[in-house]
Amino acid sequence: MFEHILEVKDLGIQFKTAEGFLSAVHGISFNVKRGETVCIVGESGCGKSVSALSLIGLLPNNGEVYKGAIKFQGKDLTKLTSDEIRKLRGNDISMIFQEPMTALNPVFTIGYQLREPLKIHQGLNKARANQVAIDLLRQVGISVPEQRMKQYPHELSGGMRQRVMIAIALACNPKILIADEPTTALDVTIQAQILELLNDLKQRFETSVVMITHDMGVVAEVADRVIVMYSGEIVEQGDVETIFNHPEHPYTQGLLASVPNVDLEQDILEAIPGTMPNLEEQISGCRFHPRCPFATDKCRETKPDIFSIDQHDVRCWLKEAEADGQASRIISN
Amino acid sequence: MQPQTTETSVSVKVSKNEALTRRLKQFFKYKLAVIGLIVILVQIFLAIFANSVTSYSPTVQDLTHVNLKPGSPGHWLGTDNYGRDMWSRLVFGARLSLMVGFSSVIIGTVIGTLLGLLAGFYKFLDTIIMRISDLMFAFPGILLAMLIIAILGTSLLNVVIAISIWSIPSCARIVRGSVLSLKKQEYITAMRALGASHFRIIFQHILPNGTAPIIVFATMHMGTAILSTSALSFLGLGAEPSTPEWGAMISAGQQYMWQAPHLVIIPGIAIMLVVFAFNVVGDALRDMLDPNMKSR
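This is the structure:
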């Protein structure tokens, strides 16, 4: 048995463009334990979705993994043939998408689409697949599943469709579920229901969840561990309490400060000044330094190492001293 | 406990029948298309029951009654220059044109759809297939068909083959276009994420979403195929003169045009009506199946 069901080591992803290769993710490493929920947070364009797609081998045609390894139960996914990885998809690793409105095929019934993964991976016949599908719909909290099976996606609401998507993704009892902003397109009450459902199913199916989001509220709700990404790098990772209570990286602090607080009457929303650099922008030193209020000369010149403080990895020079004080692990880069 | 979704009593009764009735109602709003449909149905009826609705063989000559005018006793549409009954020839011609039309449209559409699916889905095949079809587009259609017949020889079967080949590139191009947009849809990515094979994605998930333009193409192309068959036969490249084929009938009646104008007018009207019918029905189908034009 592997303690970590998924190990990502120094993963780099690049895109082929008219101007040459652009690196979107430059060497990220993280692990996912069995039954754990890991949230990858960051702004749009920080590489979180691309990282998620690479886990399942679905990078766009012009994208490729140029370095590092993705080890799933010890097997390196980047070295598998397309046929081998196809057999893992939907079976061991599943994915749910952001837009439940467009992620279901409009010309097929819910039942047909639920039977698909069962037919592909388990070779069930229609009658047997139907039983399993009805049971799945019940598990994701859909009422009268027998009738829903005959309905088309346009007859269901957004929240229901997302439940169906989850049911399809869980059909073959995957070991990892990748959720790419599964609640972004839903309204808040439905969002809470879906998150609750995911938490509940995760325990029942013993599935690890890798959730991509930019919503700190969602993170607080579901995450066991949090990975904060900025401009293609992991700037901080740790368990959810530590990240929320003691954010160490200035970027994480900024992210948390920019969540509006409804309890304060005159709360001025704090924003992180500036925008994320473009992929082609060459930034010396720390990639966050142009927007960092605490940037020093060292930050501008040298890329920071990762410092470990209480189970908590931070890529920031400011934490060097703190980390030195403790018995810490330094991964130079 | 899971929160159950609230919409427990949603009516799930929108059955297939109801959807079909709704579609039919929509179709009947296009008056011209209804007329077209009637023409097509009449043609199909005549083609099927050709033996029962005629009292003469279309090929038997009766040299004692040549060039009879329409309305003559026993031959209500008259006879041609060999005394063959025009009504019989017209009806058997309807059977022939339908057969040629259907078979060439089916062959052309099936091959064209297949190539279009491949071209749209696989980028490396796209260039090859689309450049070859560009090459074929460079020829005027009828010339291409004539070229193919010149190679294969003159016969109705070769006309079918020629018209099929000619319709492949346009069909492939239409299908490729819809595949290009469909394959970027999130539900196709979702199918890939489920581990579906390319074959499954192309034929079970992309194709059913792209049927509307194919149906429209096939309907519209029926008219073109019938017209081209007649044109080729008229030029002497298709049916032999004795065959009851509308184009061949016009060609044969040409020299008696002034003495017996019905020899060219009757098959001419038949061709025109049928081609018109298929075109208006195809038009209506296109409007109906195109979600952007639902407002009508």
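Protein sequences, first through last, are from chains A and B. For the first sequence, UniProt numbering gives the first residue as 1, with consecutive numbering after it. For the second sequence, UniProt numbering gives the first residue as 1, with consecutive numbering after it. Here a beta-carbon is modelled for each residue, glycine too, at the ideal position from N, C-alpha and C.
1. Counting Cβ pairs, one atom from each stretch, are 3 or more of them under 8 Å apart for the stretch 139-152 of chain B and the stretch 70-82 of chain A?
2. For residue 145 of chain B, count neighbouring C-beta atoms within 10 Å of its own C-beta (all shown protein chains included) and say buried if the count is 16 or more, exposed if not.
3. Taking the straight line between their C-alpha atoms, what separation do you get for residue 58 of chain B and residue 280 of chain B?
4. In terms of alpha-carbon separation, which member of A/203, A/244, A/57 lies closest to residue 218 of chain A?
5. Would you mind sorting residue 60 of chain B into buried or exposed? The rule is 16 or more other CB atoms within 10 Å of its CB.
6. Alpha helix (DSSP H) containing residue 51 of chain B: first to last residue?
7. Flag this pair as yes or no: are the beta carbons of residue 365 of chain B and residue 210 of chain B separated by less than 8 Å?
8. Using a Cβ-Cβ distance cut-off of 8 Å, determine whether residue 117 of chain A contacts chain B.
9. Measure the alpha-carbon distance for residue 169 of chain A versus residue 217 of chain B and round it to whole angstroms.
10. Spatial neighbours of residue 23 of chain B within its chain, please: CB distance less than 8 Å, with the 5 preceding and 5 following residues excluded, ordered by chain position.
11. With distance defined between alpha-carbon atoms, name the residue in B/231, B/64, B/154, B/202 nearest to residue 142 of chain B.
12. What residues in its chain sit with their C-beta under 7 Å from that of residue 312 of chain A, if we drop five residues either side in the sequence?
13. Beta-carbon within less than 7 Å of residue 43 of chain A's beta-carbon, same chain only, minus the 5 sequence neighbours each way: which residues are those?
14. Any chance the stretch 190-202 of chain B sits against the stretch 261-278 of chain B, with 3 or more Cβ pairs inside 8 Å?
15. Looking at chain B, is there any beta carbon in it that lies within less than 8 Å of the beta carbon of residue 94 of chain A?
16. If I measure Cβ to Cβ from residue 103 of chain A and keep anything under 8 Å in the same chain, skipping five residues before and after, which residues do I get?
17. Compute the Euclidean distance between the alpha carbons of residue 99 of chain A and residue 182 of chain A, then round it to the nearest angstrom.
18. May I ask you to report which of helix, strand or coil DSSP gives residue 259 of chain B?
19. Alpha carbon to alpha carbon, how far is residue 279 of chain A from residue 130 of chain B?
20. Go ahead and pull the three-state DSSP assignment for residue 211 of chain A.
21. Starting from the N-terminal side, write out each stretch of the beta strand (DSSP E) that is 3 residues or longer and does not extend beyond the stretch 143-200 of chain A.
22. Put residue 89 of chain B into one of helix, strand or coil per three-state DSSP.
23. So, is the C-beta of residue 208 of chain B closer than 8 Å to a C-beta in chain A?
24. How would you list, in chain order, the residues of chain D whose beta-carbon sits under 7 Å from the beta-carbon of residue 84 of chain B?
25. Anything in chain B within Cβ reach of residue 86 of chain A, meaning under 7 Å, just list it in chain order.
26. Near residue 225 of chain A, what residues of its chain come up, given a Cβ to Cβ distance below 6 Å and the 5 sequence neighbours on each side ignored?
27. Residue 56 of chain B to residue 85 of chain B, Cα distance in whole Å?
28. List, from N- to C-terminal side, the alpha helix (DSSP H) runs of 4 residues or more that fit wholly inside the stretch 207-275 of chain B.
29. By Cβ distance below 8 Å, which residues in the same chain neighbour residue 274 of chain B in space, the five residues on each side in sequence not counted?
30. Which residue from B/90, B/62, B/26, B/20 puts its Cα closest to that of residue 49 of chain B?
31. Compare the C-beta of residue 18 of chain B against all C-beta atoms of chain A and say whether one is closer than 8 Å.
32. Starting from residue 64 of chain A, trace the beta strand (DSSP E) both ways and give me its first and last residue.
33. Measuring only the C-alpha atoms, how far is residue 80 of chain B from residue 120 of chain B?
34. When you compare the CB positions of residue 36 of chain B and residue 276 of chain B, do they come within less than 8 Å of one another, or not?
35. Between residue 17 of chain A and residue 304 of chain A, what straight-line distance do the alpha-carbon atoms span, to the nearest angstrom?
36. Report the neighbours of residue 102 of chain A on chain B: residues whose CB is nearer than 7 Å to its CB, in chain order.
Let's see:
1. Contact between the stretch 139-152 of chain B and the stretch 70-82 of chain A is absent: fewer than three C-beta pairs spanning the two stretches fall below 8 Å.
2. Looking at its Cβ environment, which holds 16 or more other Cβ atoms inside 10 Å, residue 145 of chain B is buried.
3. Cα to Cα, residue 58 of chain B sits roughly 30 Å from residue 280 of chain B.
4. Ranking the options by Cα distance to residue 218 of chain A, first place goes to A/244.
5. Counting Cβ neighbours within 10 Å, residue 60 of chain B comes out exposed, since fewer than 16 surround it.
6. For residue 51 of chain B, the enclosing alpha helix (DSSP H) has its first and last residue at 50-53.
7. With chain B covering 1 to 296 only, the question about residue 365 of chain B has no answer from this structure.
8. With 8 Å as the cut-off, residue 117 of chain A counts as an interface residue toward chain B.
9. Rounded to whole angstroms, residue 169 of chain A to residue 217 of chain B spans 37 Å at the Cα level.
10. Excluding residues within five positions, the ones whose Cβ falls inside 8 Å are 288.
11. Taking only the C-alpha atoms, the option nearest residue 142 of chain B is B/231.
12. In its chain, beyond the 5 residues on either side, 238, 242, 248 have a beta carbon closer than 7 Å to the beta carbon of residue 312 of chain A.
13. These residues qualify, in order along the chain: 214, 276.
14. Short answer: they don't touch.
15. When Cβ-Cβ separations below 8 Å define contact, residue 94 of chain A makes contact with chain B.
16. 96, 97, 161, 165.
17. A straight-line Cα-Cα distance of about 7 Å links residue 99 of chain A and residue 182 of chain A.
18. Residue state for residue 259 of chain B is assigned as coil, using DSSP reduced to three classes.
19. Going from the Cα of residue 279 of chain A to the Cα of residue 130 of chain B covers about 34 Å.
20. Look at residue 211 of chain A here: in three-state DSSP terms it is strand.
21. Whole beta strand (DSSP E) segments, 3+ residues: 176-180.
22. Secondary structure of residue 89 of chain B (DSSP, three-state): helix.
23. Residue 208 of chain B counts as touching chain A.
24. As a matter of chain content, chain D is missing from the structure shown, whose protein chains are A and B.
25. Under a criterion of Cβ atoms nearer than 7 Å, the residues of chain B adjacent to residue 86 of chain A are, in order, 195, 197.
26. For residue 225 of chain A, same chain residues with a beta-carbon under 6 Å away, outside a window of 5 residues either side, are 38, 239 in chain order.
27. CA-CA distance, residue 56 of chain B to residue 85 of chain B, rounds to 6 Å.
28. Complete alpha helix (DSSP H) runs here, min 4: 211-234, 246-253.
29. Taken in chain order, the residues that qualify are 39, 40, 43, 94, 97, 223, 226.
30. That would be B/90, whose Cα lies nearest to the Cα of residue 49 of chain B.
31. It does not: the Cβ of residue 18 of chain B has no partner Cβ on chain A nearer than 8 Å.
32. Counting along the chain, the beta strand (DSSP E) containing residue 64 of chain A begins and ends at 63-72.
33. Rounded to the nearest angstrom, the two C-alpha atoms are 51 Å apart.
34. Less than 8 Å divides the Cβ of residue 36 of chain B from the Cβ of residue 276 of chain B.
35. One C-alpha to the other measures close to 28 Å.
36. Residue 102 of chain A reaches chain B at 185, 186, 187, counting residues in chain order whose Cβ is nearer than 7 Å.
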